[in-house]
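So for the sequence shown, our numbering puts the first residue at 174; every next one is plus one. Structure, as structure tokens:
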Amino acid sequence: MYKEEVELEIRMDGRNAIITGGSLGLGKAIATEFARSGANVALVARRQETLDEAKAEIEKENGGKVVAIAADIRLAADCERVVAEAEASLGAIDILVNNAGTSQRGPFLDVTDELWQDDLDLKLFASIRLCRLVIPGMRDRRWGRIINVLNVGAKMPGAEGAPTAVSRAAGMALMKVLANEGAPHNVLVNGMLVGKIRSNQWERLHAADPRGLSLEEWYADTGADQPMGRLGLPEEFANMACFLASDAGSYINGAAINVDGGLCNVV
Numbered sequence: 174m175y176k177e178e179v180e181l182e183i184r185m186d187g188r189n190a191i192i193t194g195g196s197l198g199l200g201k202a203i204a205t206e207f208a209r210s211g212a213n214v215a216l217v218a219r220r221q222e223t224l225d226e227a228k229a230e231i232e233k234e235n236g237g238k239v240v241a242i243a244a245d246i247r248l249a250a251d252c253e254r255v256v257a258e259a260e261a262s263l264g265a266i267d268i269l270v271n272n273a274g275t276s277q278r279g280p281f282l283d284v285t286d287e288l289w290q291d292d293l294d295l296k297l298f299a300s301i302r303l304c305r306l307v308i309p310g311m312r313d314r315r316w317g318r319i320i321n322v323l324n325v326g327a328k329m330p331g332a333e334g335a336p337t338a339v340s341r342a343a344g345m346a347l348m349k350v351l352a353n354e355g356a357p358h359n360v361l362v363n364g365m366l367v368g369k370i371r372s373n374q375w376e377r378l379h380a381a382d383p384r385g386l387s388l389e390e391w392y393a394d395t396g397a398d399q400p401m402g403r404l405g406l407p408e409e410f411a412n413m414a415c416f417l418a419s420d421a422g423s424y425i426n427g428a429a430i431n432v433d434g435g436l437c438n439v440v
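Right, here's the structure in full:
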């Protein structure tokens with residue numbers, strides 16, 4: 174039987190995106206895929222040197238304009254500056270990817286008020302503030318995409334998962350509220366839940382491992398117990414982000430999508 178092969182090409186030509194945590198790991202992979210698809214991208218992170226390296230690497234291989242904005246999005250003033258600088262460099266913002274975050278976790282009784290506040294400022298309040306700044310323009314233009322990058326702990330929190338599991342669950346609830354409010358204006362808001370995917374955070378764990386394994390050996394060992402027998406690749410995560418942020422994802426809204434190779438037991 175003849176089977177026609179159809180290739181789906183995702184294009185984002187002329188779209189302008191802000192990606193927090195954009196200098197490394199998943200954020201950088203998403204920025205790379207956006208740029209490859211024709212979008213202009215504002216990378217946001219705290220370290221200018223790392224941002225500049227990511228900017229140069231993305232620009233060398235892809236089309237689209239890339240700007241690097243050093244900021245601490247825990248701070249309300251920096252959130253305002255990020256949007257203002259991105260708009261000044263790129264134009265109106267079409268896409269926001271709330272990706273910044275670290276994996277803070279430990280026994281509940283050991284988590285201090287300061288750690289709770291820091292985690293909520295970075296993962297929840299930064300998303301709230303950035304969304305509040307970009308949504309009005311998206312509504313006016315009747316086109317917008319917001320992606321909250323979360324993790325599977327938002328659906329499946331375990332012991333010693335605080336504060337991250339709590340802040341990520343709040344980010345998922347925020348996503349759903351904004352999706353319902355944005356739907357009449359064609360402002361689509363979704364969540365992508367990370368499983369175990371190769372990143373610089375995992376590389377730090379490898380560096381602390383006393384067994385002397387190479388990075389590839391360590392990844393193979395770490396991923397052996399995953400449903401697919403391996404860790405995910407950042408590019409695999411970025412592919413879904415690109416789909417959701419493009420016109421191809423025009424009827425997906427309010428979804429919390431597990432990108433985890435089957436790890437999470439909660440759909």
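Think of the CB as a built atom: it goes at the ideal place given N, C-alpha and C, for glycine as much as any other residue.
Our two residues, L404 and G326, have alpha carbons roughly 17 Å apart in a direct line. For the 8 Å CB-CB criterion, L224 and I192 do not form a contact. In this chain, the alpha helix (DSSP H) harbouring N373 covers 373–381. Listed in chain order, the non-local C-beta contacts of A335 below 7 Å within the same chain comprise R278, F281, V284, local neighbours out to five positions each way being set aside.
Using a Cβ-Cβ distance cut-off of 8 Å, the stretch 261–270 and the stretch 309–323 are in contact, since at least three pairs of beta carbons, one from each stretch, lie closer than that value. Separation of M401 and A257 (C-alpha to C-alpha, rounded to the nearest whole angstrom) is 42 Å. Per the DSSP secondary-structure output, A343 pairs with nothing in a beta bridge. In the three-state scheme derived from DSSP, where H, G and I count as helix and E and B as strand, N353 is classed as helix.
As DSSP reads the structure, G405 sits in a beta bridge with I370.
In this structure, the CA atom of S196 is about 23 Å from the CA atom of M345.
L295 is classed as buried because its beta carbon has at least 16 other beta carbons within 10 Å across all chains shown. As computed with DSSP, R318 is found in a beta bridge with I268, L361.
In the DSSP assignment, L216 falls within the beta strand (DSSP E) that extends over 213–218.
I183 sits in coil when the DSSP states are folded into three classes, being neither helix nor strand. R318 places its beta carbon less than 8 Å from that of A418. The Cβ neighbour count for G435, taken over all protein chains shown within 10 Å, is under 16; the residue is labelled exposed.
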